[in-house]
Each structure stands twice: as structure tokens, then as C-alpha cells.
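Colleague: Numbering (our numbering), first residue to last: 295 to 626.
(1) What's the C-alpha gap between residue 627 and residue 390?
(2) Mapping DSSP to helix, strand and coil, what is residue 402?
(3) According to DSSP, simplified to helix, strand and coil, what is residue 541?
(4) Taking the beta carbon of residue 625 as the centre, do at least 16 other beta carbons fall within 10 Å, making it buried, or is it exposed?
(5) Where does residue 532 land, buried or exposed, given buried means 16+ other C-beta within 10 angstroms?
(6) Would you identify the three-state DSSP class for residue 339, choosing helix, strand or coil?
(7) Give a single yes or no on whether residue 421 has its beta carbon closer than 8 Å to a heavy atom of the ligand ATP.
(8) Can you give me the start and stop residues for the beta strand (DSSP E) that residue 443 sits inside?
(9) Given this structure, state the Cα-to-Cα distance separating residue 374 from residue 411, to the nearest angstrom.
(10) Kindly indicate the opening and closing residues of the beta strand (DSSP E) around residue 619.
(11) Give me the residue from 466, 310, 426 and 399 with the minimum Cα distance to residue 573.
(12) Taking C-alpha atoms, which residue in 576, 571 and 577 lies nearest to residue 591?
(13) List the whole-angstrom C-beta distance separating residue 368 from residue 395, where the pair is believed to meet the contact cut-off of C-beta under 8 Å.
(14) Could you check how far apart the C-beta atoms of residue 542 and residue 505 are, in whole angstroms? I think they sit under 8 Å.
(15) Out of 597, 576 and 552, point me to the one whose CA is closest to residue 330's CA.
(16) Applying the 10 Å Cβ sphere with the 16-neighbour rule, what's the burial state of residue 426?
(17) Which full runs of the alpha helix (DSSP H) of 4+ residues lie inside the stretch 492-554, going along the chain?
(18) First and last residue of the alpha helix (DSSP H) that includes residue 352?
(19) On a Cα-Cα basis, can you pick out the residue from 523, 386 and 566 that is closest to residue 614?
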């Protein structure tokens with residue numbers, strides 16, 4: 295049985311924050327420097343009334359409509375987020391209620407920016423066990439709420455948004471060919487939020503120390519991506535018996551434009567079309583892969599039978615890669 299993507303969707307908040315706008319938030323953020331170092335021109339910030347579940351619900355509705363399904367058709371609902379509405383309950387249950395997916399079993403995963411691909415891997419397994427199942431995988435992040443705008447090198451990178459995909463049975467020969475999931479806990483300090491958990495509970499002191507802000511060692515992350523991601527992609531392609539030259543589309547996590555150019559070169563993916571949305575949306579956390587996939591699908595760039603390689607990488611540190619043959623469903 296073949297399992298693949300039946301439909302995609304995405305949602306980006308209305309507020310556009312350009313590099314020029316960032317000066318009011320990050321005084322040291324010279325617009326030319328941001329563009330040159332990251333290739334990011336703008337990003338979206340959620341409205342004050344919007345939380346991760348709100349963005350996720352909008353993306354979910356788009357994906358369901360694209361797949362020709364209703365919320366009641368969903369058997370499992372997975373939300374990937376590291377910026378959920380609250381520590382409890384799971385954000386997925388809030389999304390379930392918002393969209394009316396009342397028959398779905400719901401759970402969250404937190405693999406930071408690799409989360410969507412990890413979620414797709416879980417969905418693939420669930421459908422493999424139950425061929426009639428439909429799984430809604432959503433990634434939603436609101437990083438604007440946890441950024442330290444005094445940290446120029448981190449604050450300029452991130453935006454808010456959500457992306458989604460419905461996973462289910464597709465025609466033979468289409469869908470997911472293989473997955474590669476990697477975790478490197480020894481590098482977990484490269485990306486983290488120190489405060490707010492059982493190790494360092496919220497207190498007046500943690501707030502004063504800025505322990506609830508997102509923290510990232512940019513140089514360490516760049517080294518991790520350059521060293522750790524190409525071998526993971528190579529292992530996936532080898533196991534699937536697909537030559538790198540046969541990859542039609544590369545949909546990577548939208549971390550940093552300069553970093554992605556280096557990754558494409560090191561992974562030998564120069565002949566594939568690399569899809570980028572970071573110039574307009576920035577780094578949208580775990581949502582960046584499905585947002586970019588949805589844009590590519592909606593503009594008709596993904597043709598029936600094309601080989602699509604998705605790759606997410608981020609906190610943990612983790613890498614998630616998925617290889618699929620696009621199509622196999624009449625609902626396109």
C-alpha cells in the first residue's frame with residue numbers, strides 16, 4: 295500500500311514586518327545587513343488575539359479543502375509546535391475543537407523545526423496500520439512571542455505561520471518512498487528556551503533573567519546543518535535507491551538563505567528546484583516546510599510523478615527528511 299499527501303494548506307498572519315520595520319524592534323538590525331546575511335526581506339507576525347491553535351486551524355481548513363475532505367473524516371490529528379497555546383492541554387485538542395474534527399485522536403509533538411517531517415513519518419505509520427485512516431499533520435509556530443529583540447542575530451530570522459497536510463492512501467507507485475529521522479541530543483544546547491519547564495520553573499527571577507526567550511547558537515547550528523544534514527539526505531536517497539540527480543524538488547526548512555545555499559551545494563542538489571519562501575516569511579519554525587510545500591503545490595510547480603525531498607532540521611538537535619513521489623490522488 296502506498297501512503298502520501300492528499301492535500302496541503304497554509305496560513306500566514308496579516309501583519310507584514312519588513313527589514314525596515316524591524317528597526318523599531320531591533321535597533322541594531324540594519325536592513326541591508328539582515329538581507330545580505332539571511333536573504334530574508336520580510337516576515338509575518340501574529341495578531342495579539344492569535345495563538346498557535348488559531349493559525350493551525352486556518353491551515354488545517356485549507357488542507358482539508360484541498361484534499362476534498364471534511365474535518366469529521368480525520369482519524370488522527372497531529373500538531374507540531376514548540377510555541378503552543380499553553381503547556382497544557384495539547385494544542386492539537388484545541389485545534390480539534392476549532393475545526394470540528396471530533397472523531398480524531400489528537401496529540402502534539404515538539405521536535406522544533408524538524409517537527410513537520412517527524413509528524414509526517416508518524417502519519418505514514420498510522421495509515422500503514424489502518425489503510426482507511428486520514429491523518430491531519432499541522433505545524434504551527436508563533437516565534438514572535440518568545441524572541442529577545444535585543445539579540446540581533448536571532449530576532450531578525452523568525453516569523454509566525456502554520457502549514458498542514460492531509461496524509462492517507464494514494465495510488466500504487468506514488469507517495470512516500472522512505473524517511474530518515476535523526477536526533478543528536480549531545481547538541482541540544484544549540485537551540486533552547488531555558489525557563490518554564492520542570493528544570494527551571496517560571497519565577498520572577500527567570501523572567502528578569504530572560505530565561506523564557508528563545509536562544510540559539512547560530513554558528514553552532516550552521517556547523518550542525520553543514521556536517522549533519524547532507525549525510526542524512528544521502529542515507530535516505532541510497533536506501534530508497536534514488537539518485538540525487540533524480541530529485542526534482544527540494545523543500546527545506548527555511549532557516550537562512552545563505553545556509554540553504556551551502557546545504558544545496560554540499561548535498562549535491564543543484565539540479566533540483568529548491569523552493570524558498572524565507573524571503574517573504576522568514577523562518578517559521580516547524581511550519582516552514584509545509585508552508586513552502588503548500589506554496590509550491592498551489593502554484594502548480596509539483597507535477598505528477600515528480601520526486602520531492604523535504605528536509606527539516608532544528609532543536610534537539612534533529613533532522614527529519616522525507617522522499618516522496620508526488621501525485622497519486624485525483625484531488626489536485
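No residue lacks a Cβ here, since even glycine has one placed at the ideal position from N, Cα and C.
Modeller: According to the structure shown:
(1) Given a span of 295 to 626 for the chain in the structure shown, any question on residue 627 remains unanswerable.
(2) Here residue 402 refers to the residue found at position 108 when the chain shown is read from its first residue. If DSSP states are grouped into helix, strand and coil, residue 402 belongs with the strands.
(3) Reading the chain shown from its first residue, position 247 is the one you call residue 541. Residue 541: coil per DSSP, three-state reduction.
(4) Counted from its first residue, the chain shown places residue 625 at position 331. Below a pLDDT of 50, predicted positions are generally treated as unreliable, and residue 625, at 48, falls in that range; the measurement from the model is reported next regardless. Around the beta carbon of residue 625, a 10 Å sphere encloses fewer than 16 other beta carbons of the protein chains shown; the residue is thus reported as exposed.
(5) As a working note, residue 532 is residue 238 in the chain shown. Residue 532 should be labelled exposed.
(6) As a first step, residue 339 must be located in the chain shown, where it is residue number 45. Residue 339 falls in the strand class under three-state DSSP.
(7) Judged by which ligands are present, the structure shown has none, so any question about the ligand ATP falls away.
(8) As a working note, residue 443 is residue 149 in the chain shown. Counting along the chain, residue 443 falls outside any beta strand (DSSP E), and DSSP gives it neither H nor E.
(9) Position 80 of the chain shown holds residue 374. Position 117 of the chain shown holds residue 411. If I take the Cα positions, the gap works out to 9 Å.
(10) Looking up residue 619 in the chain shown gives position 325. Its beta strand (DSSP E) spans residues 612-619.
(11) Reading the chain shown from its first residue, position 279 is the one you call residue 573. Per the Cα distances, 310.
(12) To locate residue 591, count along the chain shown from 1; it is residue 297. Measuring from the Cα of residue 591, the nearest candidate turns out to be 571.
(13) Taking the first residue of the chain shown as position 1, residue 368 is located at position 74. Taking the first residue of the chain shown as position 1, residue 395 is located at position 101. Right, the Cβ-Cβ distance comes to about 5 Å (below 8 Å), so this counts as a contact.
(14) Here residue 542 corresponds to residue number 248 of the chain shown, with the count starting at 1. Here residue 505 corresponds to residue number 211 of the chain shown, with the count starting at 1. Residue 542 to residue 505, Cβ: 44 Å. No contact.
(15) As a first step, residue 330 must be located in the chain shown, where it is residue number 36. It is 552 whose Cα lies nearest to the Cα of residue 330.
(16) Reading the chain shown from its first residue, position 132 is the one you call residue 426. Exposed.
(17) 498-502 and 512-534
(18) By 1-based counting over the chain shown, the position of residue 352 is 58. 346-361 is the extent of the alpha helix (DSSP H) around residue 352.
(19) Residue mapping note: residue 614 aligns to position 320 of the chain shown, counting from 1. Comparing Cα-Cα distances from residue 614 to each of 523, 386 and 566, the minimum goes to 523.
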